[in-house]
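Quick notes on the structure that follows.
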Amino acid sequence: MHKNKPHKGLLKRVKISKTGKVRHKSCGTGHLKSGKTPKRLRQLRKDTMIADNEIRRASRMLSRRLRGRTQPRSAITRSPSPAERPSAD
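In our numbering, the protein residues as written are 21 to 109.
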């Protein structure tokens with residue numbers, strides 16, 4: 021079976037942190053800036069994290085586990101295999 025490949029277009033547009041959060045550039049700064057307030061333009065210059073409801077799609081596109089803006093770190097830790105689990109004896 022072939023290896024899953026990450027979506028190259030998405031990889032070029034995002035940066036993935038070590039904890040699994042996905043950072044991307046804010047939209048709405050390309051043109052038509054005169055209708056936006058200076059405060060709003062300053063805020064749009066900052067990078068933002070992908071929202072929780074979009075993480076599932078992004079993790080499928082990149083073929084790796086990711087977590088959203090408000091999800092805990094335990095969201096990306098894998099569950100232990102049966103050999104690693106503590107015995108109940």
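The beta-carbon is built from N, C-alpha and C at its ideal position, and this holds for glycine as well.
Compare the C-alpha of residue i against each of the options and name the closest.
i	options	result
residue 84	60, 36, 93	36
residue 30	43, 62, 23	43
residue 26	75, 89, 82	82
residue 71	57, 58, 49, 45	45
Can you give the Cα-Cα distance for residue i and residue j, rounded to whole angstroms?
i	j	result
residue 52	residue 65	15 Å
residue 61	residue 22	44 Å
residue 78	residue 40	11 Å
residue 111	residue 47	Past the edges of the chain, shown from 21 to 109, lies residue 111, and the structure says nothing about it.
residue 89	residue 59	23 Å
residue 100	residue 57	50 Å
residue 75	residue 107	34 Å
Should residue i and residue j be called a contact, given that it needs their Cβ atoms to be closer than 8 Å?
i	j	result
residue 87	residue 95	yes
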